[in-house]
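Take a look at the structure set out below.
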Amino acid sequence: MEYKMMKIKQFFFLFFMIKPQTYLNVADNSGARQLMCIRVLGGSKRDSGNIGNIIIAVVKDALPNMPIKKSDVVRAVIVRTRKGLRRQNGMIIRFDDNAAVIINKEGNPRGTRVFGPIARELRDLNFTKIVSLAPEVV
Numbered sequence: 001m002e003y004k005m006m007k008i009k010q011f012f013f014l015f016f017m018i019k020p021q022t023y024l025n026v027a028d029n030s031g032a033r034q035l036m037c038i039r040v041l042g043g044s045k046r047d048s049g050n051i052g053n054i055i056i057a058v059v060k061d062a063l064p065n066m067p068i069k070k071s072d073v074v075r076a077v078i079v080r081t082r083k084g085l086r087r088q089n090g091m092i093i094r095f096d097d098n099a100a101v102i103i104n105k106e107g108n109p110r111g112t113r114v115f116g117p118i119a120r121e122l123r124d125l126n127f128t129k130i131v132s133l134a135p136e137v138v
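Residue 1 is where the sequence shown starts when you use UniProt numbering, and the numbers rise one by one after that.
As structure tokens, this is what we get:
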């Protein structure tokens, strides 16, 4: 019984991270600077996202003369969160900011570079293109 309770606590610990109306930095060179989460994909009951989840977001700040403009609705994958991510070996990984990489419908990044460290869990979720572009995988 205690083991099941611990598993439930881990489950909640993992998923209360990015909710709708949360602002995220953009960790690629697609032209957007800041996103606001509109929806976390993955079912009607999913109200918050974690590293590796795909979100629907609106661009709140963008660079001029780039293909992605302010107020565009885009898909993005969460690559960093300030809330800790607990791994199976007991380590807790925390980052300095909430960040996402803008992707297309196929799951490939729209930019050609990724800035900052990303979590190793993205490799297990088949975002290998993002992992290969990242300068550091934690």
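Glycine is no exception: its CB is placed at the ideal position from the N, C-alpha and C atoms. Treat the numbers as computed from the prediction; the structure is a model and nothing was measured.
- When secondary structure is reduced to three states using DSSP, E121 falls in the helix class.
- Annotation: the continuous alpha helix (DSSP H) that includes I130 extends over 128-133.
- With a cutoff of 8 Å on beta-carbon distance, V79 and A57 are scored as not near each other.
- D97 is positioned such that its CB atom lies closer than 8 Å to that of R82.
- Runs of beta strand (DSSP E) with 3 or more residues, each lying fully within the region 58-94, are found at 73-80, listed in chain order.
- Here the alpha carbon of Q21 sits roughly 25 Å from the alpha carbon of E106.
- If you draw a straight line from the Cα of R87 to the Cα of I93, it comes to about 8 Å.
- With fewer than 16 other beta carbons inside 10 angstroms of its own, D47 counts as exposed.
- Distance between M36 and L133, taken at the CA atoms: about 23 Å.
- V114 is not a Cβ neighbour of A32, given a cutoff of 8 Å.
- Here V138 carries a coil assignment [DSSP, helix/strand/coil].
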